[in-house]
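S.K.: In this note's numbering, the protein residues as written are 1178 to 1354.
1) Tell me the DSSP secondary structure of residue 1342 in three-state form.
2) Taking the continuous alpha helix (DSSP H) assigned at residue 1291, which residues delimit it?
3) Consult DSSP for residue 1221 and reduce its assignment to one of helix, strand or coil.
4) Is residue 1183 helix, strand or coil by DSSP?
5) Taking Cβ to Cβ, would you say residue 1308 is nearer than 7 Å to residue 1260?
6) Looking at the unbroken alpha helix (DSSP H) that takes in residue 1277, where does it start and where does it end?
7) Are residue 1323 and residue 1333 closer than 7 Å when you measure CB to CB?
8) Just to confirm before moving on: does the CB-CB distance between residue 1206 and residue 1235 stay below 7 Å?
9) DSSP three-state call for residue 1263: helix, strand or coil?
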């Protein structure tokens, strides 16, 4: 359910684009992200830092798209978000000597230190890769192709990555008891 909740603005962006245009879709994505935060706040749930970062990035790049009437800004938004997450994980490791993936998952999963390090580096690399792929699709194909990729391609790549991690982590699941 959390995965679908996280996809909520992307799905609405996709639908709005198909029925209107990139500018309406951008407005919908901004509003949907505000609604996500509002819903969590109303329900008394913790609002993840990543969601706050997403709100800031969609508001900035979506706002520039609308204000300047230039779709290139919204096309940069996923890359900026992916690279920001990559830099945060990298900064946690290098600047603070802290594995942020471990911080997020340690209460749910027990792993040996080398596995935590590999997992952290895998996410750093994945986010960096996703940023590059987004730029490639956004600026080498039509906006229509990019919008489809944003929902279906990026989601599929994320699922494949998470499943691959699940396979990697499965050898440790028996050890966590």
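Each residue gets a CB set at the ideal place from its N, CA and C atoms; glycine is no exception.
Keep in mind it's a predicted model, so treat the numbers as computed, not measured.
M.R.: On the basis of the data shown:
1) In the structure shown, residue 1342 falls within a helical segment according to DSSP collapsed to helix, strand and coil.
2) Unbroken alpha helix (DSSP H) run through residue 1291: 1290 to 1317.
3) Judged by DSSP in its simplified three-state form, residue 1221 adopts coil rather than helix or strand.
4) Note: residue 1183 maps to helix in three-state DSSP.
5) Yes, the Cβ-Cβ distance between residue 1308 and residue 1260 is below 7 Å.
6) Counting along the chain, the alpha helix (DSSP H) containing residue 1277 begins and ends at 1277 to 1282.
7) Going by beta carbons, residue 1323 and residue 1333 fall outside the 7 Å limit.
8) A contact, by the Cβ cut-off of 7 Å.
9) Reduced to three states, the DSSP call for residue 1263 is helix.
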